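Residue numbers (this note's numbering): 1 to 306.
From the three backbone atoms N, C-alpha and C, an ideal C-beta is built for every residue, glycine too.
Predicted model, so just to flag it, every value in this text is computed and none were measured.
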């Protein structure tokens, strides 16, 4: 680890000494174009830009497991790659976490089940949508500041040091015409807080320990400008110690049925929570996220601007 940090630190420090300059308003180019949303121009605390692409894995939330079948991108800037600190988010309107909708297995019918207590019009609307638009999509959305210790992704520390690679507060947005647009698991005030690690977890029961995979480090040498991008590839981060709050706000109030909003959403939300086992205490949920990360010193990112 010390050799890698030393090499990366020398590269960045040397560039700073040779190429110190004021921030410009250009756009990163070439190998550094991937860092175009890094907030280094507006935040002098940012010394390295980060783009992490999650390509596989899964979320187990209560009783439901949603596979990661599309890339999820995390991006921003950090002050130090070795030490838990803020992940500074883009300020140009780009998301810190891509809004990637993942298909929920079983769709609407897998998410809830109507029972005999449902009003007739609501049950009819449910079965109509099941037969026409059954698909349900779950999208993870950040709801608070993230923190990162990027070197832990490749060199997990020994106890008692904190092995967290990224701490990320999120909510899950569930979408389907029957659910409406306000159906969420978690919120800004009661988030799902992921503390992803690359080593072995110590969850409360009934979960048992699972292990991540440290990412392999390499350097991508660049020529315009002459510099380096640190690549952390093939890593897997895991967490199975987090709690998940109950769903709230489920039920499309625009459905043409004679049921007042509080009753409609109360019935639908309760059905989601019952089927999915929410809220779910720590030890009943799991996040597994595999992918690759690129880290670019801001001095090189800035020097690539066109």
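Excluding sequence positions up to five before and after residue 100, its CB lies within less than 6 Å of the CB of 70 and 72, all in the same chain and listed in chain order. Ranking 296, 271, 288 and 291 by CA distance to the CA of residue 117 puts 271 first. Under DSSP, residue 176 forms a beta bridge with 180.
For residue 161, there is no enclosing beta strand (DSSP E), as DSSP gives it neither H nor E.
Residue 131 counts as exposed, since fewer than 16 other beta carbons sit within 10 angstroms of its beta carbon.
Three or more Cβ pairs closer than 8 Å define a contact, and the stretch 239 to 254 meets that threshold against the stretch 268 to 282. One thing to note: residue 173 has its Cβ within 9 Å of the Cβ of residue 139. Excluding residues up to 5 positions away in sequence, 50, 51, 52, 53, 150, 153, 215, 231, 232, 233 and 235 lie with their Cβ nearer than 8 Å to the Cβ of residue 293 in the same chain. Nearest in C-alpha terms to residue 92, of all of 106, 56, 41 and 58, is 41.
Within its own chain, the residues whose Cβ lies closer than 7 Å to the Cβ of residue 144, once the five positions on either side in sequence are excluded, are 169, 188 and 191, listed in chain order. In the structure shown, residue 284 falls within a coil segment according to DSSP collapsed to helix, strand and coil. Shown here, residue 126 sits in a helix according to DSSP, grouped into three states. For residue 108, no beta strand (DSSP E) run applies; the uninterrupted alpha helix (DSSP H) run containing it begins and ends at 107 to 111, by DSSP. In this model, residue 204 and residue 210 are separated by some 12 Å (Cα to Cα).
Cβ-Cβ distances below 7 Å link residue 134 to 107, 108 and 109 in the same chain, with the five nearest sequence neighbours on each side left out; the list follows chain order. If you ignore the 5 residues before and after residue 257, its C-beta comes within less than 7 Å of the C-beta of 121, 122 and 125, all in its own chain and listed in chain order. The residue among 260, 219, 301 and 195 with its C-alpha nearest the C-alpha of residue 286 is 195. Selection 158, 79 and 220 evaluated against residue 197 yields 158 as nearest (Cα-Cα). For the pair residue 273 and residue 177, the CB atoms are not nearer than the 9 Å cut-off. For residue 266, the enclosing alpha helix (DSSP H) starts and ends at 261 to 276. Of all alpha-carbon atoms in 29, 84 and 296, the one lying nearest the alpha-carbon of residue 220 is that of 296. Taking the Cα positions, residue 255 is about 14 Å away from residue 182. In this structure residue 81 is not in contact with residue 102, their Cβ atoms being roughly 29 Å apart against a cut-off of 8 Å. Beta-bridge analysis with DSSP links residue 303 to no other residue. Straight through space, the alpha carbons of residue 119 and residue 87 are spaced by roughly 47 Å. At the C-beta level, residue 61 and residue 166 stay beyond 9 Å of one another.
Short of 6 Å from the beta carbon of residue 218, and not among the five residues preceding or following it, lie these beta carbons of its own chain, in chain order: 231.
Going by C-alpha positions, residue 229 is about 20 Å away from residue 96.
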